[in-house]
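2 protein chains.
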Amino acid sequence: MAEAQSAQSPVAPSKQVGRPRRSEQALLDAAAAVFVASGVDAPVREIAAKAGVGMGTIYRHFPTRSELVVAVYRHQVESCAEAGPRLLAESTTPEAALRAWAALFVDFLVTKHGLAGALQGVSAGSDTLHAYFIDRLVPVCGTLLEAAREPIDATTPPIDAYNVLKGIGNLCIGAAGAARYEAAALVQLLISGVLAQGAR
Amino acid sequence: MAEAQSAQSPVAPSKQVGRPRRSEQALLDAAAAVFVASGVDAPVREIAAKAGVGMGTIYRHFPTRSELVVAVYRHQVESCAEAGPRLLAESTTPEAALRAWAALFVDFLVTKHGLAGALQGVSAGSDTLHAYFIDRLVPVCGTLLEAAREPIDATTPPIDAYNVLKGIGNLCIGAAGAARYEAAALVQLLISGVLAQGAR
DNA sequence: AACATTACGGAACAGCGCTCCGTAATGCAA
DNA sequence: TTGCATTACGGAGCGCTGTTCCGTAATGTT
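So the sequence lines, in the order shown, correspond to chains D and R. Residue 133 in my numbering sits at position 131 of the first sequence; the count goes up by one each step and never skips. Residue 188 in my numbering sits at position 186 of the second sequence; the count goes up by one each step and never skips.
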């Protein structure tokens with residue numbers, strides 16, 4: 003029934019009745035503000051209050067908590083991903099590019115409280131977040147890795163980009179809290195080990 | 003007042019009236035069983051139920067959750083700490099000793115679900131646990147590290163045992179869950195990097 | 001036998017993530 | 001202009017968590 007859609011267009015699945023997305027952007031802004039203030043594990047109620055909306059609104063726009071986090075940090079993850087090829091082109095050596103990119107990534111993770119933890123499933127229900135990070139950054143990391151290590155010697159299969167990326171992420175967990183803990187230095191040392199594995 | 007403590011001994015602060023610690027050992031056994039089944043983040047109620055005691059009993063014996071975890075794993079941490087000097091004496095090279103010890107430590111962390119995470123404050127209120135691990139294992143790790151790396155070259159201060167230990171711990175987070183994630187390999191690569199830093 | 005002392009058990013509190021539904025706002029149609 | 005279908009909204013409610021607290025029961029001593 004009701005093919006009498008009158009004129010306009012036969013395809014018009016979203017009638018767009020009711021109030022349009024008024025709060026989506028306000029929500030993202032508020033979430034970003036709360037994340038920097040209280041970390042990515044901040045209570046959902048706090049975000050809702052800051053944005054001046056109810057709980058329901060948050061969960062309709064972002065069915066799971068991870069999706070909110072992803073939405074907030076999408077721009078920065080994207081720019082981090084795009085930095086990979088650019089660094090490879092600009093740097094004098096592939097190794098320098100890899101190290102610079104890792105430093106960039108570490109800085110990103112460390113400055114967002116708890117992001118590194120949420121990245122790999124320690125925090126509950128970070129499915130989407132983990133998947134997004136992996137999907138977007140593993141290829142970038144892989145390209146840098148391939149370029150940086152000598153292809154010679156194949157007695158033992160070298161560690162793959164997925165493991166390197168997760169290793170870097172793990173090393174950044176809790177880095178913002180402990181003063182004596184130097185995640186960036188450890189990451190560079192890990193990379194040294196990874197590259198030494200390739201060479202012989 | 004009340005120096006009339008009769009005979010026995012003037013110092014006897016614990017009169018030991020009432021039921022003695024009947025449940026302490028049962029508690030530890032139950033906690034250990036639950037930890038292997040559901041990880042160290044298992045609900046306290048689950049531990050209490052398994053042990054057949056009430057919540058109050060747990061929190062009287064172990065005021066904070068960390069202390070219970072520490073008590074459960076004290077033996078294994080201790081044996082891990084003692085393995086350090088022994089490996090150093092038995093191994094052909096100090097590097098081999100360090101690597102073997104790290105493998106031991108990694109195996110310990112990975113087999114206990116969530117222990118690595120609880121080790122460094124990602125899980126809430128793991129103060130005591132973190133302190134105990136650090137206090138007990140940093141010296142051991144430091145000894146192995148000193149022995150394994152050449153003392154030459156001092157342009158840049160090498161990374162300290164605290165950071166190496168925390169780095170190893172962090173790399174083990176979530177290792178039991180992700181099939182493709184190879185924490186042990188990453189730890190060995192990190193060590194490669196650390197040792198390469200010392201040499202030149 | 002009666003008591004003081006201690007351990008015990010579980011109800012109760014505060015916090016969390018997430019769901020659900022009654023209500024209010026909105027744009028199109030008559 | 002008026003009415004209505006459609007959609008977004010807000011927050012109470014549910015189940016779960018860690019932790020505290022207190023009435024009660026068991027115990028060794030007097």
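Cβ coordinates follow ideal geometry from the N, Cα and C atoms, glycine included.
Start-to-end residues for the alpha helix (DSSP H) that takes in residue i
| i | result |
| --- | --- |
| T59 (chain R) | 57 to 63 |
| Y75 (chain R) | 67 to 92 |
| R259 (chain R) | Only positions 3 to 202 of chain R appear in the structure, and residue 259 (chain R) is not among them; the question remains open. |
| A163 (chain D) | 163 to 173 |
| G116 (chain D) | That residue, G116 (chain D), is in no alpha helix (DSSP H); it is neither H nor E in DSSP. |
| Y134 (chain D) | 129 to 150 |
| E26 (chain R) | 26 to 40 |
| R47 (chain R) | 46 to 53 |
Chain D contact residues for residue i, given Cβ-Cβ distances below 9 Å
| i | result |
| --- | --- |
| A198 (chain R) | L191, S194, G195, A198 |
Burial state of residue i (16 or more Cβ within 10 Å)
| i | result |
| --- | --- |
| Q194 (chain R) | Residue 194 (chain R) is actually Ser in this sequence, not Gln. With 16 or more Cβ atoms within 10 Å of its Cβ, S194 (chain R) is classed as buried. |
| R182 (chain R) | exposed |
| E80 (chain R) | exposed |
| E184 (chain D) | buried |
| R67 (chain R) | buried |
| R151 (chain R) | buried |
| A39 (chain D) | exposed |
| L197 (chain D) | buried |
| E84 (chain D) | exposed |
| C179 (chain D) | One detail in the question is off: residue 179 (chain D) reads as Gly in this sequence, not Cys. G179 (chain D) comes out exposed. |
| A104 (chain D) | buried |
| A163 (chain R) | buried |
| A53 (chain R) | buried |
| L188 (chain D) | buried |
| A177 (chain R) | buried |
| G56 (chain R) | exposed |
| G116 (chain R) | buried |
| G58 (chain D) | exposed |
Within chain D, partners of residue i - CB distance below 7 Å
| i | result |
| --- | --- |
| L173 (chain R) | G169, N172, L173 |
| Y164 (chain R) | R182 |
Chain R contact residues for residue i, given Cβ-Cβ distances below 9 Å
| i | result |
| --- | --- |
| I161 (chain D) | E184, A187, L188, L191 |
Task: Cβ contact (3+ pairs, closer than 8 Å) linking the segment 160 to 174 of chain R and the segment 113 to 122 of chain R - done: yes
Task: Given 8 Å, three or more beta-carbon pairs between the segment 28 to 38 of chain R and the segment 57 to 76 of chain R - done: yes
- [ ] Give a yes or no on contact between the segment 181 to 194 of chain D and the segment 100 to 113 of chain D, applying the rule of three or more CB pairs nearer than 8 Å.
- [x] yes
Open item on the list: For the pair the segment 48 to 62 of chain D and the segment 107 to 119 of chain D, tell me if three or more CB-CB distances fall below 8 Å.
Closed with: No, they do not touch.
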